[in-house]
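First to last, the sequence lines map onto chains A and B. Residues in the first sequence are numbered consecutively from 488, following the numbering used here. Residues in the second sequence are numbered consecutively from -19, following the numbering used here. Even for Gly, the Cβ is constructed at its ideal location relative to N, Cα and C.
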Amino acid sequence: MTLMSRLLQSPVSRALVAPHGVDGYLEALHPMWSVRDVRAEVLAVDHPTPDAVTLTLRPNRNWRGFRAGQHARFSVDIDGIRRERTFSLASSPHREDGRLEITARVHPGGLVSRHFKNRVRPGVIVGMSQATGAFTLPWPRPEHLLLISGGSGVTPVLSMLRSLCDENHAGHVTFLHYARAPHSMLYAAELAELSRRRTRIELVRSFTRESAGGELSGRFSESQLRTVAPEFARAQTYVSGPPGLARAVEDLYRANGLDDRLYVETFHPPAARTSCGTGEPESRVVDFTAGASDADESLLEQAEKRGIFPNFGCRRGVCRICTAKKISGVVRDLRTGRLSDAGEERIQLCTSAPCGAVSVRL
Amino acid sequence: MPTVQQSPRLTPEQLASLGRELDEIRADVLARLGASDASYIRRSVRLQARLELCGRALFFLGSLPPAWAAGVVCLAIARLLNTNEIGHNVLHGQYDWMRDPALDSTTYEWSELPTSKDWQHSHNFMHHTYTNVLGRDRDVGFGIIRMSEDQKWHPYYLGNPVYAGLLMLFIDWGFALHDLEVDRIVKGECKLSEKRDVLGRMTRKISRHLLREYLLHPALTGSLFLRTLAGNACANLLHNLCNSSFIFCGHFPDGAVAFTEEETRNETQGHWYYRQLVGSANFTASRFVQHISGHLSHQIEHHLFPDLPACRYPEIAVRVRAVCEKYGIPYNTGPLHRQLGSAWRKLVKLALPPAKRSSY
């Protein structure tokens, strides 16, 4: 921490700006300045394939770096609403300019990925978390490595491969990648170039929708594995990709008693985040379902009937005292009839009725 | 004379359709909220912070009177923005839909003396739910002034203009005493011991405020300590005078109607809207004044839709006015000086005992 940032975080500085934080004032001077938050400036937006987007980012000084294979949460405002998504970092942590790279597959319904592709331009600033995740290479680096990826799951293992190259890793790396077709494969040129330049990196591509173009074709199987990496039992294996691929590899390794040599990257769906308590010891998650007898019964009324008494004020949607955090599920606004999103958000208990199962932190 | 008769009595059917029309306006605006509203509040936050930093910096040149005066003005405007356009509106949940933790009504701590939590109880709940209901809405005269003929006269009220003047100068402290319900404690309606939690929270917050404004910032300017201290005090006074003027125009001007608890028992959404319409008053203002008043210049729209972003009130006002015309409901508005003058005439008049008891 620099002297300046230590000074800015001292109790005196905080007292000078109370009750607001120092960050509010720093942010007003420069959008990247903060003593606490990680923010990153978009330097480049590339479109490696028609349905993918790659961002090159410059993080601010609060970024504490990452290890190859880790991911971070990114937040952007879309139509005024803050949206958060987790992306694996694809760049090497050893990159000298300290820049980060993420690549997202753009799904037709993907709010954030579409925003990245269509609306984000160089100069835009996004919010970030610090890097997290245990999907990383051990130290010292294993002699034999097998990196398996499918589709856009390539990013964390690509980061590993790039980082191994930067470290002049002497061991043997087999990079087995699954894509639908040659034209939709991400980082195809760079991977080909790396394996051409370094004899100890072997690239094996398998296309699942086309029989030609790759070293293999079709989905992951035991015979494929035995062909490309006969010594896989001696290698450390990292797999990152769609759930189908991850499961197939896991099953095979378990059947061979090799679970301890396999690392799988799994992303937690948003709802799974409830498991980690976030400093609100008195709160608890309460589940509701749509009232059988009365569809217009609010969450507040339902809770009270069950002997739970959340704070409330006006009971007509005016004062916001009964506002609580919905963890998951869809609610209907009793005044407008509008349905909410399914994810985490603040709702007013007195004017929200559940549509199906709803979890609320009270 | 029951004051409510100054406005037309609507039939239950009329009230129901009034409710539907206003609900529609709300739903329509809600559906259109987006990037422009987000950028409006973010710009306000940035402007506030820059003005405050600018004001604080100018006090380092405090030995030059123009720099000192400019510092006072910067700080007063910054604080008005912070109280009204940002604090008051964020605490109403106007920006909760943005899901930005920094603008979240449940976690935001505003810069005024009462804590956000206590303010939300006394303001969002008591005042906005029971607007102008005598005995329930503690903003009617704030417990110290006589603002309605329905408040029983007492020799104490001879001091009405004095209390109002003091309130205007020190309205930030007025907020604090108001949330402590000091007036009720004095009247023996509740005990100070019941208020221990509020008092504790508020004492901590107020001591931090005093430390910041009257010790730390002055100390930072070294030998200019006293000038900076005086500058901060003047900025606060200027803020209070402006802010109380905006607030007095909200429900005090002539024509703003008070209600009894009887009238509001089991009221429908339509009647609730009606009560907000006739109980509030707007004032016409420049863009700048609208901004520093947090759009309290559109008190009527704010009371109908307290949780819609305030920057939408001017556009909503056009539609609300049309609805008022349709139902023959008076739409109380006028220039700031006229509304404020009307409020002052009223509170001088109400200082004196009623000339004769009216017929009811």
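Would you please verify whether the beta carbon of residue i is less than 9 Å from any beta carbon of chain A?
| i | result |
| --- | --- |
| ALA(-4)/B | no |
| GLN279/B | no |
| VAL113/B | no |
| MET(-19)/B | Below a pLDDT of 50, predicted positions are generally treated as unreliable, and MET(-19)/B, at 30, falls in that range; no measurement from the model is reported. |
| SER360/B | There is no way to answer for residue 360/B, as the model of chain B reaches only from -19 to 340. |
| GLN28/B | yes |
| ARG126/B | no |
| SER260/B | no |
| LYS175/B | no |
| TRP252/B | yes |
| ARG6/B | yes |
| ASP76/B | yes |
Which residues in chain A have a C-beta closer than 9 Å to the C-beta of residue i? List them in chain order.
| i | result |
| --- | --- |
| ARG192/B | ALA502, LEU503, VAL504 and ALA505 |
| GLN100/B | GLY800, CYS806, ARG807 and ILE808 |
| ARG292/B | Chain A residues near ARG292/B: none, gap ~13 Å exceeds 9 Å. |
Does DSSP put residue i in a helix, in a strand, or in coil?
| i | result |
| --- | --- |
| SER839/A | strand |
| THR623/A | coil |
| GLY816/A | strand |
| THR240/B | coil |
| GLY614/A | strand |
| VAL328/B | helix |
| GLN723/A | strand |
| ILE165/B | helix |
| THR346/B | Absent from the structure is residue 346/B, since the part of chain B shown begins at -19 and ends at 340. |
| MET(-19)/B | Residue confidence for MET(-19)/B is low, a pLDDT of 30 falling below 50, so the modelled location carries little weight; the figure read from the coordinates is stated next. The answer is coil: DSSP assigns MET(-19)/B none of H, G, I, E or B. |
| ILE795/A | coil |
| LEU576/A | coil |
| HIS101/B | helix |
| PHE263/B | coil |
| ILE57/B | helix |
| SER693/A | strand |
| SER543/A | According to the sequence shown, residue 543/A is Thr rather than Ser. Correct three-state label for THR543/A: strand. |
What residues of chain B sit near residue i, judged by a beta carbon separation below 8 Å?
| i | result |
| --- | --- |
| CYS837/A | Residues of chain B passing the Cβ test: none, with the nearest at roughly 11 Å. |
With 9 Å as the threshold, decide whether the Cβ of residue i is near any Cβ in chain B.
| i | result |
| --- | --- |
| THR765/A | Its pLDDT being 38, under 50, THR765/A is placed unreliably in this model, and the value from its coordinates should be taken loosely. It does not; no Cβ of chain B falls within 9 Å. |
| LEU516/A | yes |
| ASP738/A | no |
| ILE612/A | no |
| ILE808/A | yes |
| GLY800/A | yes |
| VAL499/A | yes |
| THR714/A | no |
| ILE568/A | yes |
Please report the Cβ distance between residue i and residue j, rounded to the nearest whole angstrom; I am assuming they are in contact, meaning their Cβ atoms lie under 8 Å.
| i | j | result |
| --- | --- | --- |
| ALA722/A | LEU633/A | 4 Å |
| VAL613/A | ARG560/A | Incorrect: roughly 10 Å between the Cβ atoms, too far for contact. |
| LEU316/B | ALA261/B | Contact doesn't hold; Cβ gap of about 11 Å is too wide. |
| LEU673/A | SER639/A | 6 Å |
| ARG807/A | ASP287/B | 7 Å |
| GLY728/A | GLY637/A | 3 Å |
| THR536/A | SER671/A | 5 Å |
Is residue j closer than 9 Å to residue i when the C-beta atoms are compared?
| i | j | result |
| --- | --- | --- |
| LEU544/A | ARG586/A | yes |
| ALA829/A | ASP774/A | no |
| LEU327/B | MET78/B | no |
| THR823/A | ASP3/B | yes |
| SER839/A | VAL818/A | yes |
| PHE345/B | SER173/B | Here chain B covers residues -19 to 340 and nothing more, so residue 345/B does not appear. |
| SER273/B | GLU1/B | no |
Taking only heavy atoms of the ligand NAD into account, decide whether any of them is closer than 8 Å to the Cβ of residue i.
| i | result |
| --- | --- |
| GLN723/A | Absent from the structure shown: the ligand NAD. Ligands present: none. |
So with CB distances below 8 Å, who are the chain A contacts of residue i?
| i | result |
| --- | --- |
| HIS275/B | Here the premise fails: no neighbours, minimum Cβ distance about 17 Å. |
| VAL25/B | GLY511 and ALA515 |
| ALA117/B | Correcting the residue identity first, residue 117/B is Asp in this sequence and not Ala. Here the premise fails: no neighbours, minimum Cβ distance about 12 Å. |
| GLY(-1)/B | Under the 8 Å cutoff, chain A gives no residues; its nearest Cβ is about 10 Å from GLY(-1)/B. |
Name, please, each residue of chain A whose Cβ falls closer than 7 Å to the Cβ of residue i.
| i | result |
| --- | --- |
| HIS134/B | Neighbours of HIS134/B on chain A: none; closest Cβ ~31 Å, over 7 Å. |
| MET182/B | Within 7 Å Cβ-Cβ: nothing; MET182/B doesn't reach chain A, min ~13 Å. |
| ASP287/B | ARG807 |
| PHE105/B | GLY800, CYS801, CYS806 and ILE808 |
Mind pulling the chain B residues with CB within less than 9 Å of residue i?
| i | result |
| --- | --- |
| ASP783/A | Near ASP783/A there are no residues of chain B at all, since even the closest Cβ is about 14 Å away, more than 9 Å. |
| ILE814/A | Chain B residues near ILE814/A: none, gap ~14 Å exceeds 9 Å. |
| ARG601/A | Going along chain B, no residue has its Cβ under 9 Å from ARG601/A, so there is no contact; the nearest lies around 15 Å. |
| ASP653/A | Result: empty, since nearest Cβ-Cβ is about 36 Å, beyond 9 Å. |
Show which residues of chain B have a CB atom less than 7 Å away from the CB atom of residue i.
| i | result |
| --- | --- |
| GLU832/A | ARG79 |
| ARG822/A | ASP3 |
| GLY597/A | Residues of chain B passing the Cβ test: none, with the nearest at roughly 18 Å. |
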